[in-house]
Amino acid sequence: MDGPVLREQTADETAVSRRAFLQGAGLLLGFALTSASAESVFAAPASQVVENEVTGTFAPNGFIRINPTGAVTLVMPMVEMGQGVFTSLSMLLAEELEVKLDQIQVQHAPPNHALYVNSIIGIQNTGGSASVRAFWTPLRQAGAIGRNLLIAAAAKRWNVDPATCRAKDGVVVDASGSKHLSYGELAEAAAKLPVPPAANVKLKEPKDFTLIGTRAKRVDSPIKIDGRALYGIDTRLPGMKVAAVAISPVLGGKAKTVDEKAAMAVRGVRQVVNIDEAIAIVADHMGAAKKGLEAAAIRWDDGPNGKISSADIVKHLEEESKKPGAVARNVGDVGKALAEAAQRVDAIYQVPFLAHAAMEPMNCTVHLQKDRCNIWVGTQAPTITQSLVAELTGLPKDAVKIHNHLIGGGFGRRLEADGTVLAVKIAKHVDGPVKVIWSREEDIQHDMYRPYYFDRLSAGLDAAGRPVAWTHRIAGSSVMARYYPPYVKDGLDPDAVEAAAEPPYALPNIHVDFVRVEPPGVRTSWWRGVGPTHNVFVVESFMDELAHAAKQDPVAYRKGLLGHNPRALAVLSLAADKARWGSPLPARHGRGISVQFAYGSYTSQVAEVEVAADGSVKVKRIVCAIDCGMYVNPDTIEAQVQGGTLFGLTAALHGSITFKDGRVEQSNFDTYLPMRIDEVPVVETHLIKNAEAPGGVGEAPTAVVSAAVTNAIFAATGKRVRSLPIDTNSLKSSS
Amino acid sequence: MAFTLKINGTPHEVDVDGDAPLLWVLRDVLGMTGTKFGCGQALCGACTVHVDGQAVRSCQTTIDSVGDGAVTTIEAIGQVPQGAALQKAWLELEVVQCGYCQSGQIMSAAALLKDTPKPTDDDIDAAMSGNVCRCGTYQRIRAAIKHAAGV
């Protein structure tokens, strides 16, 4: 189960003018589509996007379908996994199309690179907090094109100048206000009109927005409160069987013995499929399949990775981190500045492997036939999934149909198609459709983990305590080198150093490098917040160490280094003010601050914690200030700040995947602990309103929170947390 | 063997082993997919349903243990007053994100409000801490329960 290598995708894109770039603005995996990114979105024929399209449907681009009955369908290029993207992207379209959100239906886009590529990521992937950023302009243009054509169709029918007509709530009205035609009535005529180039349509001024910027209701809420929402795992097909799966507990191992007879003796079990790396029990229902899997009493041959341990992985990282790596940034003369500094601070930071543990366990339904393959799955990466299935089955890509679904938690896990690949391998042995569902234990033990990173930092302070030298070496796995090799140039993984190479502060001499160290027997991948989730913890903790060494207040110290960076300074100041920074707290309580620029947004948090005598940490309150430029839905942003913060906080407090004898030691929610309702702090959101370009939100709070909490622990106890998760034993009161 | 289950007021005959978990009978045999699989070990609450008004984890509830108990699932919880009030509050406060755990959250909250119509924060912690949400909607879940309860 090697991760995907995107041969086809890479080949496709050699035709596109490209440059890998990193602008300190989030995970910019992307090929910068030179000139207007919107053009590429409109480049391909838009027909045949939506199933069962009726004759006379108005389909001016890949995003809008209005049929003569008046049904307005908006096609969602990005997948909904809770982040609210179906609502925010619909709002962008509806604002210009002039329809109300309760007049629309949304539909998943099929894999179609030309129509639905995310111009920031460079693939039709949902991730990198890039959806609103990438589609802010193209979707408003798509909506405006639709509105213009519908108005033109009405004007033609009334024989008036289109400029005298206007559209609102799915109806075109003439100048007098007496004539009305609904979009449904106009669909067939509008479909016959030539579609203008996107660049030619005039977009609303932000001051004229009636939907963007409002707390519009989520379009997916009603079906998520009564069991109607369908996730990939809810797929049901005529004749479908379900399969429980056991994957070799050690990567690279294979099944040695399987008691097929015992498994088949379980009532409802239909078939045992052995694909070496995994055993699947195919049955009428999952109860029988799981029982069959137990009866199969599988024994494994561990293969070459049977001795892997976390201790060895960390030891190797520690050694490798002593060697110079690929240089991410080198400004000034760090060596000289460090030598001449009045004071030197050195530190080692470590962050663990992390599982995603989305609530919807990994699953995929496959119906493989001679000339086609249908896949029902929730995926963040539909084009990658399609390509890999085509490769695996030998079918042409257009014979592989991906039926995308609402995702029961993505967090990066579903950017990988390994679950689909495994299901297809199993389906090759099954006659008819089969739904493969991983148990929670399989899901946690066969995840593709956030890499373990081992960082070394040194700083030199001048007599006034200002940092005159800063070095930061990051050692760990490169997800990018596997997932998207063209972006790794000369050994430098731009994701692995993001938010470390360019901290928001004035640092006159800085050297940041990356040492790629791949752990054997461990698959690594994207995890909510990607590079910055690791780097912001390290940078902001170390900055706190410098403030302490300089005997200065952590907020005042940072402010002194942010004079050139007004947006970072503004969020920092806002978070500190709202948290009443500096006001007195009881003993063993503390506040900590953290600030970052990532995903195109500025974010700062203040955490307030209480550390009990036994070392246990209670996070009482998180105050978050965020400047994400122009925004679509402030309620969604608040929700993302609340949830994203808890995702990062959960990892900081509890998250760690460890290996022993090649096996993952954690297995379910009793050993890989989620936060629960009795543990969560209140999270407050303070949103800065301005006219800057939209920034990403979904991952910003996840990345910024850890350092705020550990800095607060330092304020409360004087103990510096340099590795995650937080070791409460080390925080016990000595008195 | 055959069992007759009373689900949302309707009898359903199923022919499975008695040790089959209610969760998979609902989802795979009866096609009621609103009840979710999350952990299989009663650690996350995604599969919560009511049996005779009590919240149970259906992944750990065997069919033969249900007997003639009345099973209520997320598909029908809106027909009881607490369920309807919670669903309304869930919409008004925009609780959901990915939504996958929310069936179980609402089922646990409905059982809470049935027994404790005016819950305190401690009551909410006690009743709801068995339900995991990885999106982190807890703050809004707490607010929505209070909203529905009018506290």
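Those protein sequence lines, which keep their order, are chains A and B. Residue numbers for the first sequence follow our numbering, so the first one is 1 and each next one is one higher. Residue numbers for the second sequence follow our numbering, so the first one is 1001 and each next one is one higher. The beta-carbon is built from N, C-alpha and C at its ideal position, and this holds for glycine as well.
A distance below 8 angstroms separates the beta carbons of Ala-229 (chain A) and Leu-406 (chain A).
Rounded to the nearest whole angstrom, the C-alpha separation of Gln-640 (chain A) and Tyr-631 (chain A) is 13 angstroms.
When secondary structure is reduced to three states using DSSP, Thr-385 (chain A) falls in the helix class. Closest in alpha carbon position to Val-595 (chain A), among A:Pro-694, A:Trp-527, A:Arg-580, A:Val-705, is A:Val-705. Between the beta-carbon of Gly-648 (chain A) and that of Thr-702 (chain A) there is about 4 angstroms, and that keeps the pair under the 8 angstroms contact cut. Taking 3 residues as the minimum length, the beta strand (DSSP E) runs contained wholly in the segment 581-635 of chain A are 589-598, 601-611, 617-627, in order along the chain. Pro-1081 (chain B) has a beta carbon lying at 8 angstroms or more from every beta carbon in chain A. Counting only Cβ-Cβ distances below 8 angstroms, Thr-1137 (chain B) has contacts in chain A at Ala-639, Gln-642, Gly-643, in chain order.
In the structure shown, the three-state DSSP call for Val-512 (chain A) is strand.
With respect to chain B, the C-beta atom of Ala-358 (chain A) has a partner C-beta closer than 8 angstroms.
Under a criterion of Cβ atoms nearer than 8 angstroms, the residues of chain A adjacent to Val-1016 (chain B) are, in order, Arg-267, Gly-268, His-285, Gly-287, Ala-288.
Spanning the alpha carbons of Gly-465 (chain A) and Ser-730 (chain A) requires a straight line of approximately 28 angstroms. The bridge partners DSSP lists for Asn-274 (chain A) are A:Ile-279.
Secondary structure note for Lys-290 (chain A): its alpha helix (DSSP H) is the uninterrupted segment 286-295. At a cut-off of 4 residues, the continuous stretches assigned as alpha helix (DSSP H) that sit fully inside the segment 111-174 of chain A are 113-116, 131-158. Bounds of any alpha helix (DSSP H) do not take in Val-245 (chain A); it lies within the beta strand (DSSP E) bounded by 241-247. In the DSSP assignment, no residue is bridged to His-548 (chain A). Residue burial is scored here from C-beta neighbours: Met-543 (chain A) has at least 16 other C-beta atoms within 10 angstroms and is therefore classed as buried.
One finds Ile-233, Met-286, Pro-361, Ile-437 in chain A with Cβ atoms closer than 8 angstroms to the Cβ of Phe-1037 (chain B), taken in chain order. One alpha carbon belongs to Thr-645 (chain A), the other to Ala-598 (chain A), and they sit about 15 angstroms apart. CA-CA distance, Val-611 (chain A) to Ala-708 (chain A), rounds to 14 angstroms. Judged by DSSP in its simplified three-state form, Met-1032 (chain B) adopts coil rather than helix or strand. Assignment of Leu-569 (chain A) by DSSP, reduced to helix, strand and coil, places it in the helix class. Beta-bridge analysis with DSSP links Gln-350 (chain A) to A:Phe-454, A:Ser-723. In the DSSP assignment, Trp-1090 (chain B) falls within the alpha helix (DSSP H) that extends over 1081-1092. Linking Gly-521 (chain A) to Asn-67 (chain A) through their CA atoms gives a straight-line distance of about 52 angstroms. Between Glu-608 (chain A) and Val-351 (chain A), the alpha-carbon positions lie close to 22 angstroms from each other.
Contact note: Lys-261 (chain A) does not reach chain B at a C-beta cutoff of 9 angstroms; the least C-beta distance is about 18 angstroms. By the neighbour-count definition (other C-beta atoms within 10 Å, threshold 16), Gln-141 (chain A) is a buried residue.
Just measuring C-alpha positions, the residue of A:Asp-234, A:Gly-146, A:Ala-381, A:Lys-179 sitting nearest Lys-202 (chain A) is A:Gly-146. Any Cβ of chain A closer than 8 angstroms to the Cβ of Asp-1052 (chain B) would place that residue at the interface, and such an atom is absent.
Taking a Cβ-Cβ cut-off of 7 angstroms, the neighbours of Glu-1075 (chain B) in chain A comprise Asp-226, Gly-227, given in sequence order. Around the CB of Glu-80 (chain A), 16 or more other CB atoms lie within 10 Å, so the residue is classed as buried. Excluding its 5 nearest sequence neighbours in each direction, Gly-143 (chain A) has C-beta neighbours in its own chain below 6 angstroms: Leu-93, Glu-96, Leu-97, listed in chain order. Under the Cβ distance rule, Arg-1142 (chain B) counts among the residues neighbouring chain A, one pair being separated by less than 8 angstroms. The continuous stretches of beta strand (DSSP E) do not include Ser-178 (chain A), and DSSP gives it neither H nor E.
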